[in-house]
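One rule links them: number in this note's numbering = place in the sequence shown (from 1) + 4. See structure below.
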Amino acid sequence: MSIAKLTITRQHARRFLLEYHGLGQSFELQGKQGILDYISHVGYIQFDSLNIAGRNPELVLQARIPDFKPVMLHDLLYKERLLLDGPDKEMCIYSVSDWPYFRRQREVARQRFGNNRRPIVPFLPQVRQEIKKRGPLSSLDLEFDQMVDWPWAPTRLSRAALESMYLWGELIIHHKVNTRKVYDFAHHHLPAELLAAPEPNEPEEEYWEWLVLRRIGAGGMLWSRSGDAWRGIKSKDRQAALTRLLKQKTLQEIEIEGIKFPFYIRTANKSRLDSKSAIKNQKPRAAILAPLDNLLWDRNMVKALFDFEYRWEVYKPAAERKYGYYVLPVLYGDRFIARFEPGKDPVSKGLIIKNWWWEPKVNPSAALKRALQSCFQGFLHYLGTDTLVISNIIRNNARLGFLEIDKQTGNIEE
Numbered sequence: 005m006s007i008a009k010l011t012i013t014r015q016h017a018r019r020f021l022l023e024y025h026g027l028g029q030s031f032e033l034q035g036k037q038g039i040l041d042y043i044s045h046v047g048y049i050q051f052d053s054l055n056i057a058g059r060n061p062e063l064v065l066q067a068r069i070p071d072f073k074p075v076m077l078h079d080l081l082y083k084e085r086l087l088l089d090g091p092d093k094e095m096c097i098y099s100v101s102d103w104p105y106f107r108r109q110r111e112v113a114r115q116r117f118g119n120n121r122r123p124i125v126p127f128l129p130q131v132r133q134e135i136k137k138r139g140p141l142s143s144l145d146l147e148f149d150q151m152v153d154w155p156w157a158p159t160r161l162s163r164a165a166l167e168s169m170y171l172w173g174e175l176i177i178h179h180k181v182n183t184r185k186v187y188d189f190a191h192h193h194l195p196a197e198l199l200a201a202p203e204p205n206e207p208e209e210e211y212w213e214w215l216v217l218r219r220i221g222a223g224g225m226l227w228s229r230s231g232d233a234w235r236g237i238k239s240k241d242r243q244a245a246l247t248r249l250l251k252q253k254t255l256q257e258i259e260i261e262g263i264k265f266p267f268y269i270r271t272a273n274k275s276r277l278d279s280k281s282a283i284k285n286q287k288p289r290a291a292i293l294a295p296l297d298n299l300l301w302d303r304n305m306v307k308a309l310f311d312f313e314y315r316w317e318v319y320k321p322a323a324e325r326k327y328g329y330y331v332l333p334v335l336y337g338d339r340f341i342a343r344f345e346p347g348k349d350p351v352s353k354g355l356i357i358k359n360w361w362w363e364p365k366v367n368p369s370a371a372l373k374r375a376l377q378s379c380f381q382g383f384l385h386y387l388g389t390d391t392l393v394i395s396n397i398i399r400n401n402a403r404l405g406f407l408e409i410d411k412q413t414g415n416i417e418e
């Protein structure tokens, strides 16, 4: 028998999600340990290589960790090896301890890319020999230049070979040079007992239950509708797993007033929903979110809960974009109050606000302006600059005078 359904308001749901994701009224995470704690809490964050004002995982972490610098994440990934970048929902970053849980996916990749019909197979012994002899290598370091078919598009054989070996777990990413991946053998960097660990969810049903719980944990709260948050999980597998998890009482079903679809949280997080911290009214803070932030994975759910419509338009032709190429949402309290298009000044290397759009009915109060000042001071610190440039095109129309930089002190002044 499952746990009784709970009914809450949309505001309660919003504040639960913000508190769950470390976006509440105050910062609770600090430094490298904060990075590890957040990723352990949600399971994983999504990677994307575009770098306009930092890459997606860096933008995710700066919104939650006030002293965050990109080098912290780099060290945890490629020096301390406490985190790993690999495929999950998409390309993601997660704890190295999760390695055994992806044995099933790695075996699927081996069967798909390593079968004898693939053109890379005859070259694999040479690739292995080159890595043994020369150490970590990227595709540019190998001279297998013939073009081969690849699931996404034809590519050089060297890239197809290295990426295939990475997907089936023989290689890991040793480090990156900008967006270029440099690979090395997994056994050079991961403990032998971790590499030998069996699949923890051998029965098929247990695997889907684990994956559904993992997705709900990554989002904090998800509804049952298909969307990006459920990518890679077929509807029938998801619904069957949800039913079993409810019976096992590892999921709590939530009804949100005014929304007809059921929502789910992990039962282990129910105390957060019950806590007064999820609904108490404190001094709100502002935050700049990543385009692929865990909170934003299901854009339709965000619209239903926050009345905020957000689409990432980087892959749209310029003429079809409603806003801009790379636009970041701005949160204040439990509302999205604006979005802006960032850029980098080629001379000063400072942050440019190329365009800014307030949400309807937002009238910037003194408290909101102060919160934005504090938010942008933190954002500049994360970017390693003390220069903020507001485009002349929007300076007057967007009412952003309170974000001017004082050249004497380096502070943002009203």
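Beta carbons: idealized from backbone N, C-alpha and C, even for Gly. Remember, it's a predicted structure, so these values are computed and weren't measured experimentally.
Beta-carbon to beta-carbon, I341 and E363 are separated by about 5 Å, close enough to satisfy the 8 Å threshold.
The C-alpha of P140 is placed about 42 Å away from the C-alpha of N304.
Between R289 and S53, the CB-CB gap reaches or exceeds 8 Å. Annotation: the continuous beta strand (DSSP E) that includes M95 extends over M95 to S99. Close CB contacts of G26 within its chain, under the 7 Å cut and outside five residues either way in sequence, are with E32, L33, Y42 and R68 (chain order). When the five nearest sequence neighbours on each side are left out, the beta carbons in the same chain lying within less than 7 Å of the beta carbon of L175 are those of L166, M169, Y187, D188, F189 and A190, in order along the chain. Judged by DSSP in its simplified three-state form, D188 adopts strand. Between the region 189–207 and the region 238–257 there are fewer than three C-beta pairs closer than 8 Å, too few to call the two in contact. Counting C-beta atoms within 10 angstroms of its own C-beta, G173 has 16 or more neighbours from the protein chains shown and is therefore classed as buried. At a cut-off of 4 residues, the continuous stretches assigned as alpha helix (DSSP H) that sit fully inside the region 75–129 are 107–117. R235 carries a coil assignment under DSSP once its states are collapsed to helix, strand and coil. Uninterrupted beta strand (DSSP E) stretches at least 3 residues long and entirely within the region 280–343 occur at 290–292 and 332–336, given in chain order. Separation of the CB atoms of I97 and L87 is rounded to 6 Å, and the pair is thereby assigned contact status at 8 Å. With fewer than 16 other Cβ atoms inside 10 Å of its own Cβ, L144 counts as exposed. Taking C-beta atoms as the reference points, T391 and L355 count as a pair closer than 8 Å.
From the listed residues H16, M95 and K307, the smallest Cα separation to L171 is found for M95. Non-local C-beta neighbours of L80 in its own chain, meaning closer than 8 Å and more than five positions away in sequence, comprise K36, I39, L40, L86 and L87, ordered along the chain. In the structure shown, I269 adopts extended strand secondary structure according to DSSP, grouped into three states.
Under the DSSP definition of a beta bridge, M151 partners with R160. Across the structure, Y329 and D311 are spaced so that their CA atoms are roughly 22 Å apart. Within the DSSP secondary-structure output, N182 pairs in no beta bridge. The beta carbon of H179 lies closer than 7 Å to those of Y82 and V186 in the same chain, with the five residues before and after it left out.
Counting C-beta pairs with one atom in each stretch, the region 253–267 and the region 338–352 have fewer than three that are closer than 8 Å, which means they do not touch. Of E324, N273 and F267, the smallest CA-CA separation from A308 is found for F267. The region 211–227 and the region 263–278 touch, with no fewer than 3 CB-CB distances between them shorter than 8 Å.
Contact check for G58 and L387: beta-carbon distance about 7 Å, within the 8 Å limit, so the pair qualifies.
Taken in chain order, the unbroken stretches of beta strand (DSSP E) that lie wholly in the region 33–80 and span 3 residues or more are 48–50. Comparing alpha carbon positions, the residue from G90, I12 and R235 closest to R107 is G90. Cβ atoms of P74 and E84 stay farther apart than 8 Å, at about 15 Å. Membership of K373 in the alpha helix (DSSP H) is indicated by the continuous run A370 to L387. Around the beta carbon of V318, fewer than 16 other beta carbons lie within 10 angstroms, which makes this residue exposed. Bounds of the alpha helix (DSSP H) holding E23 are R14 to Y24.
Secondary structure at V216: helix, using DSSP grouped into helix, strand and coil.
Note: G347 is bridge-paired with I356 in the DSSP secondary-structure output.
If you compare the alpha carbons of V366, R229, F265 and W316 with that of L335, the shortest gap goes to V366. Approximately 7 Å separates the beta-carbon atoms of A17 and M225; this is inside 8 Å, confirming the contact.
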